[in-house]
């Protein structure tokens, strides 16, 4: 083998080795990219599930708060109605007591 052929052979071997290394690197990068995409998809699924759960909890909390507000309003209305009834009954009792006193002790005009 002459010098020119040896140089060509060495260059060919170097190119073959470089090609093999580049192929291995590209394959490794493809596998790594696929792995990263799978991880990202799994993380996205977990986050979507957490969001769904949080959304459901928020909806439940909102319904509970709305129900409590309705109960507070209903309680306030009932309390106000009870207060008015107590005032009315008290007024009637005072009126009845005043009439009773007047009947027992008529005012003497003189």
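Numbering (the numbering used here), first residue to last: -10 to 99.
For every residue, glycine included, the Cβ atom is placed at its ideal position computed from N, Cα and C.
Residue span of the alpha helix (DSSP H) that contains residue i, given as start and end
i	result
residue -8	-8 to 93
Whole-angstrom distance between residue j and residue i, CA atom to CA atom
i	j	result
residue 4	residue 33	42 Å
residue 61	residue 43	26 Å
residue 90	residue 68	32 Å
residue 22	residue 1	31 Å
residue 19	residue -1	30 Å
residue 82	residue 93	16 Å
residue 16	residue 7	14 Å
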